[in-house]
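Report on one structure; see the data block that follows.
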Amino acid sequence: MNLKIGVIKGDGIGPEIVTEAMKVLDKTAEVYGHTCSYEQLLMGGASIDVHGIPLTDETIQRAKSCDAVLMGSIGGDAKTSPWYKLEPSKRPEAGLLKIRKELNLFANLRPAVLYEELKGACPLKEEITEGGFDMMIMRELTGGLYFGERKTVEENGVLTAMDSLCYNENEIRRIAKRGFDIAMKRRKKVTSVDKANVLDSSRLWRKVVEQAAEEYPEVTLEHMLVDNCAMQLVKDPKQFDVILTENMFGDILSDEASMVTGSIGMLASASLNETKFGLYEPSGGSAPDIAGKGIANPIATILSAAMMLRFSFDLDKEAEAIEEAVSRVLKEGCRTIDIMSEGKTQIGTAQMGDLITGYIGKH
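Going letter by letter, the sequence shown gives residues 1 to 363 in the working numbering.
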């Protein structure tokens with residue numbers, strides 16, 4: 001199979017970590033009889049530098065011609081980068097919102113897994129993390145507060161800002177069904193997170209999720225208010241299988257879950273539309289303070305590439321080979337600086353990529 005992959009290396013540490021993921025993909029393709037062809041795309045600050053805007057229409061069309069897109073991190077230092085002197089619609093992150101909307105990437109999957117080898121990096125008490133945990137956060141990605149109407153006006157001499165949170169039942173139903181589908185392949189439990197005691201949008205969310213659940217009698221559904229969920233993630237993360245929630249809540253909870261695992265540098269993510277097409281990226285940011293130093297953790301991007309093989313190409317065996325290679329390198333005690341602990345061996349970005357690549361196809 002030829003895998004046509006769009007590649008957005010992005011900003012900051014993006015080029016470094018994507019390079020390692022491509023290295024792993026190429027080795028996986030070689031071992032399992034596939035080929036990878038890459039379409040290099042610009043987005044974020046890299047696109048601003050060339051085109052003056054964070055995402056061009058041409059780039060969107062080229063992305064659509066690919067089977068999937070692998071992306072690094074977008075953005076820079078908001079205090080020092082000239083990108084952030086531009087109006088908000090022309091800043092790097094605007095490109096990310098636009099590509100999600102244009103490619104209809106409504107379902108964001110963020111696995112949060114605590115590896116046994118990394119339990120020492122987890123900030124929670126050992127009795128809480130014993131045995132590890134494995135959850136999937138399903139975040140609705142193209143609706144809600146981030147895409148609602150917004151404005152800042154002056155009223156009676158006072159500046160007032162307004163952001164609108166809006167969902168319709170169809171938007172909620174399609175992400176709910178995707179969440180239940182994922183749960184069917186896991187432990188068959190969905191925790192739907194909302195703020196139904198306050199928000200009308202959450203009350204509609206809860207109603208539609210309950211309707212969708214009727215089609216999945218094998219899946220256990222529970223509802224949880226978002227503030228309680230934030231507490232439960234640090235109190236008892238093992239209770240969660242699939243967390244299903246709206247855009248802003250999912251943004252916040254997935255970052256919290258990432259730190260519970262020990263490092264955001266370990267967390268992959270996938271953003272899917274209603275076909276097999278998806279955009280795959282690490283959950284962390286562009287970390288401009290360490291860009292170019294060769295110390296960034298590429299594992300999240302490498303695991304994102306594994307998710308791409310699984311969800312966009314149905315190559316489960318190949319995805320598992322990458323995940324197993326990551327696990328073996330961690331068992332060897334090799335660590336980048338963000339997950340370093342006493343008695344382990346600290347290595348850099350490229351060396352981590354090399355070690356993982358070396359285990360692909362080896363048993």
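Yeah, the Cβ is synthetic: ideal placement off N, Cα and C, and Gly gets one too.
{"Query": "Short Cβ contact (8 Å threshold) for Met138 with Ile99", "Result": "no"}
{"Query": "Pro123 to Gln61 span [Cα, whole Å]", "Result": "43 Å"}
{"Query": "Alpha carbon of His223 to alpha carbon of Lys90, nearest angstrom", "Result": "38 Å"}
{"Query": "At least three beta-carbon pairs within less than 8 Å, the stretch 299-312 to the stretch 76-90", "Result": "no"}
{"Query": "Residue(s) in a DSSP beta bridge with Tyr38", "Result": "Ile5"}
{"Query": "Candidates Thr80, Leu118, Tyr167: closest to Glu246 by CA position", "Result": "Tyr167"}
{"Query": "Beta-bridge pairing of Gly10 - partner residues as DSSP gives them", "Result": "Ser73"}
{"Query": "Supposed close pair Ile13, Ser73 - CB separation, criterion 8 Å", "Result": "6 Å"}
{"Query": "Contact the stretch 184-192 vs the stretch 220-237: 3+ CB pairs below 8 Å", "Result": "yes"}
{"Query": "Contact check, Glu117 vs Leu330, beta carbons under 8 Å", "Result": "yes"}
{"Query": "Arg408 classed as buried or exposed, judged by whether at least 16 other C-beta atoms fall within 10 angstroms", "Result": "Beyond the ends of the chain as shown, which are 1 and 363, falls residue 408; an answer cannot be given."}
{"Query": "Span of the alpha helix (DSSP H), counted from its first residue to its last, around Lys235", "Result": "226-235"}
{"Query": "Rounded distance between the beta-carbons of Val31 and Ile360, thought under 8 Å", "Result": "6 Å"}
{"Query": "Those runs of the alpha helix (DSSP H) which lie wholly inside the stretch 82-168 and span at least 4 residues", "Result": "92-102, 126-129"}
{"Query": "Cβ-based burial, Pro282 [other Cβ within 10 Å; buried from 16]", "Result": "buried"}
{"Query": "Limits of the alpha helix (DSSP H) - the one that Lys207 falls within", "Result": "200-213"}
{"Query": "Among Glu155, Asn108, Met308, Asp314, nearest to Lys25 - alpha-carbon criterion", "Result": "The identity of residue 25 in the sequence shown is Leu, whereas the question assumes Lys. Comparing Cα-Cα distances from Leu25 to each of Glu155, Asn108, Met308, Asp314, the minimum goes to Met308."}
{"Query": "Leu253 - partner residues in DSSP beta bridges", "Result": "According to DSSP, which records beta bridges pairwise, Leu253 is partnered with nothing at all."}
{"Query": "contact_flag[the stretch 194-202, the stretch 156-163] where n(CB pairs < 8 Å) is 3 or more", "Result": "no"}
{"Query": "Assigned secondary structure, Ala268 (DSSP; H/G/I helix, E/B strand, else coil)", "Result": "strand"}
{"Query": "Close beta carbons around Gly333, own chain, < 6 Å, minus the five adjacent residues each side", "Result": "Lys344, Thr345"}
{"Query": "The alpha helix (DSSP H) enclosing Thr357, as first and last residue numbers", "Result": "349-359"}
{"Query": "Local conformation of Ser192 per DSSP, three classes", "Result": "strand"}
{"Query": "Simplified DSSP assignment, three categories, for Val242", "Result": "strand"}
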